[in-house]
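Q: Counting from 321, one number per residue, gives the positions in the sequence shown under our numbering.
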Amino acid sequence: MSGRGKKAVPKPKSAVSRSSRAGITFPVGRIHRLLRKGNYAQRVGSGSAVYLSAVLEYLCAEILELAGNASRDNKKHRIAPRHILLAVRNDEELNKLLAEVTISEGGVIPNIQASLLPKKTKNPKDDSSAKDVESQEF
């Protein structure tokens, strides 16, 4: 006998997703698979999926926060496409990013051109009272 005895079988390590390793919510594995299957490049690095997932998560969080604020301004509890459109079009950077995008059922931004508004006229102050005094002379 060699005296070494049986070695203890190590417990199998539980699988840890790449999303949890990166500390993000969006699925890194799925995005990596879509990058590979999409024929965007011959080879796709492992870090590219993590980076793209983080960018997509940030953009979604930004849009959802602004859309939630827009829905609260309209006294609604549910985010509608209209709220997403208002959020995107009122934010300078998101509007530039999504300039050519049409949001279905979103409508348009309310806008009336200044030339179409009625012109303001200035009324003379207290001129009518002076005329009344003159007309009452006996």
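We put the beta carbon where it would ideally sit given N, CA and C, even for glycine.
Being a predicted model, the structure only gives us computed values, none of them experimental.
So the candidates are L437, L405, E377; which of them puts its Cα closest to the Cα of E420?
A: By one-based count along the sequence shown, residue 420 stands at place 100. Among L437, L405, E377, the Cα nearest to that of E420 belongs to L405.
Q: Whole angstroms is fine: what's the gap from K396's alpha carbon to F346's?
A: By 1-based counting over the sequence shown, the position of residue 396 is 76. By 1-based counting over the sequence shown, the position of residue 346 is 26. Approximately 27 Å, taken between the alpha carbons.
Q: Of all the alpha helix (DSSP H) runs that stay within the bounds of the segment 334-399, which reach a length of 4 or more residues?
A: Complete alpha helix (DSSP H) runs here, min 4: 338-342, 348-357, 366-393.
Q: Can the beta-carbon of I383 be found less than 8 Å from the beta-carbon of L414?
A: Counting from 1 along the sequence shown, the entry for residue 383 is found at position 63. Counting from 1 along the sequence shown, the entry for residue 414 is found at position 94. It is a contact, given that the beta carbons lie within the stated cut-off.
Q: Evaluate contact between the segment 336-351 and the segment 366-374, counting only Cβ atoms and requiring at least three cross-stretch pairs below 8 Å.
A: Output reads yes: the segment 366-374 touches the segment 336-351.
Q: Terminal residues of the continuous alpha helix (DSSP H) containing E412?
A: On the sequence shown, position 92 is the one that residue 412 refers to. Start and end: 412-417.
Q: Where does L436 fall in DSSP's three states?
A: As a first step, residue 436 must be located in the sequence shown, where it is residue number 116. Residue state, collapsed to three classes: helix.
Q: Compute the distance between the beta-carbons of V364 and H352, then report whether it is under 8 Å.
A: Position 44 of the sequence shown, counted from the start, is the residue given in the question as residue 364. Position 32 of the sequence shown, counted from the start, is the residue given in the question as residue 352. Closer than 8 Å, so yes.
Q: Since I believe L376 is in contact with D411 (beta carbons under 8 Å), could you give me their beta-carbon distance rounded to a whole number of angstroms?
A: Numbered from 1 along the sequence shown, position 91 holds the residue referred to as residue 411. Numbered from 1 along the sequence shown, position 56 holds the residue referred to as residue 376. Not really, about 17 Å apart at Cβ, beyond 8 Å.
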